[in-house]
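Notes to accompany the following structure.
In the numbering used here, the protein residues as written are 5 to 209.
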């Protein structure tokens, strides 16, 4: 197996965590997956409902089926953004769009899929703290991830592949594995442009 990235502390993980769309084929040990999930369940949730559920998919055949659903949803969303509710895709840089399209074609090769679900509809906002914990924990262990929502557009197909009950809401999917690209530093707007004290400030001028 290729040498994994070194483990880092939580603040370095947050400062260098990025959306990884290129992965090595090496498997991820079960104990590391368990560590990442254990971090996820420590997140706060609305009324401490702990509604998040995680379906870990390492079986190659099931990953292939999930990849087909992902690609189908990606092609619809990029070819017809209005129908898929992704109008924001219009005007994106061509290179960014092509990288996402390439990832959709190759996503079946990522060694781990984590499908994140909620046992209560209408509280997806309560699931995302757990998702963020998962992403940062994975980065701290040297694992790459990317948050995706396209599987939610193919929820019935995902349920059929994984045996997820009809009353369980599919929130997002997280491919995870050893990155084939380096982590950070990431490009972000400076804090002075996005954070305001006491009132909104216009930095457009």
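Ideal Cβ placement from N, Cα and C applies to all residues, glycine included.
Annotation for residue 164: the continuous alpha helix (DSSP H) segment containing it runs 159-166. For residue 118, no alpha helix (DSSP H) run applies; the uninterrupted beta strand (DSSP E) run containing it begins and ends at 116-122, by DSSP. With fewer than 16 other Cβ atoms from the protein chains shown falling within 10 Å of its own Cβ, residue 198 counts as exposed. The beta carbon of residue 35 lies closer than 7 Å to none in the same chain, with the five residues before and after it left out. Excluding residues up to 5 positions away in sequence, 184, 185 lie with their Cβ nearer than 6 Å to the Cβ of residue 26 in the same chain. When DSSP reads this structure, residue 179 sits in a beta bridge with 117. The DSSP-derived three-state label of residue 109 is helix. Annotation for residue 59: no alpha helix (DSSP H) segment contains it, though the beta strand (DSSP E) segment containing it runs 56-61. As a beta-bridge residue in DSSP terms, residue 23 pairs with 149. Just so you know, the alpha carbons of residue 125 and residue 173 end up roughly 6 Å apart. Under the three-state reduction of DSSP, residue 207 is assigned to coil, being neither helix nor strand.
Taking each of 80, 123, 99 in turn and checking the Cα distance to residue 55, the smallest one comes out for 123. Checking the DSSP bridge columns, you'll see residue 173 partnered with 122. Apart from the 5 residues on each side of it in sequence, residue 133 sits with its Cβ closer than 6 Å to the Cβ of 47, 48 in its chain, given in chain order. Between the segment 66-74 and the segment 153-171, the count of C-beta pairs closer than 8 Å reaches three or more; the two stretches touch. The residue among 111, 14, 179, 193 with its C-alpha nearest the C-alpha of residue 76 is 111.
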